[in-house]
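In short: position in the sequence shown from 1, add 973, done, that's this note's numbering.
For glycine and all other residues, C-beta sits at the position ideal for the given N, C-alpha and C.
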Amino acid sequence: MPPRTSPTARQQRLGAELRKLREQSGMSAQQAAALLGVDRTRIPNVESGRFGISPERVRTLAFNYGCPDAGLVDLLAAMAQERDRGWWEEHRGLLPPALLDIAELEYHAAELATAVTTHVPGLLQTEEQARAVFDTAVPLLPEPDLEARLALRLRRQEVLDRPVPYEAVIHEAALRMQFGGPK
């Protein structure tokens, strides 16, 4: 499998957690590679999110790193397992990767929290509000970019259809702003 040119935030997080466990154990990347029987360059590539890793290998590394937290190991193995392409992938190449990372992280979240002072949070915006917020960008977004961002924002709201706890702290000023009209 070729290396990823732009790993997602989720892939980077898995790698960062594996790196943290390895460093806490005092093991070098070369020693970790030897445990898996792979080239020494493989571990830094896994830890940067550029290469994938199987759940079994995550468990092997965690065991050898002496990780005492079985729950953490289970979560990391689950992160390695998920290889399905989410709905946000249809926007890849059309929108900045950071926006797609937000959609992916929200999709996998067990809990969501937002604090906003200037406008209603994106997950709660109507199409009209979102369009009005995007219309304040300087310089204005080209129409295809605006429509792509609007489509992503509205699709992200599907996360609220799941039973995921969501806490939004919205400043009164944000509620009084007339983005998209009073409705």
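Coil, strand or helix - residue i by DSSP
i     : result
I1026 : coil
A1110 : coil
Y1080 : helix
T1033 : helix
Q984  : helix
M1150 : coil
Q1098 : coil
M1162 : Outside the displayed span of the chain (974 to 1156) sits residue 1162, for which this structure offers no information.
S998  : helix
D1012 : coil
D1042 : coil
Cβ neighbour criterion (16 or more within 10 Å) applied to residue i
i     : result
Q1151 : exposed
P1138 : exposed
Q1098 : buried
H1144 : exposed
G988  : buried
Bridge-paired residues (DSSP) for residue i
i     : result
E1140 : A1086
L1068 : R1065
Cβ-Cβ distance between residue i and residue j below 8 Å
i     : j     : result
L1078 : T1087 : no
E990  : L1049 : yes
Y1038 : S1001 : no
P1070 : R1023 : no
A1035 : T1090 : no
R983  : H1081 : yes
L1068 : A1121 : yes
S927  : A1053 : In the structure as shown, the chain starts at 974 and stops at 1156, and residue 927 therefore has no counterpart that could be examined.
L1073 : W1060 : no
P1094 : A1043 : no
Rounded Cβ spacing between residue i and residue j (contact assumed at less than 8 Å)
i     : j     : result
A1103 : R1128 : Not confirmed; about 11 Å, so no contact.
E1029 : R992  : With 8 Å as the limit, E1029 and R992 do not qualify as a contact, their Cβ atoms being about 19 Å apart.
V1031 : C1040 : That pair is no contact at about 10 Å.
Residue i beta carbon near the ligand GDP (any heavy atom closer than 7 Å)
i     : result
L1073 : Looking for the ligand GDP in the displayed structure turns up nothing, as the structure carries no ligands at all.
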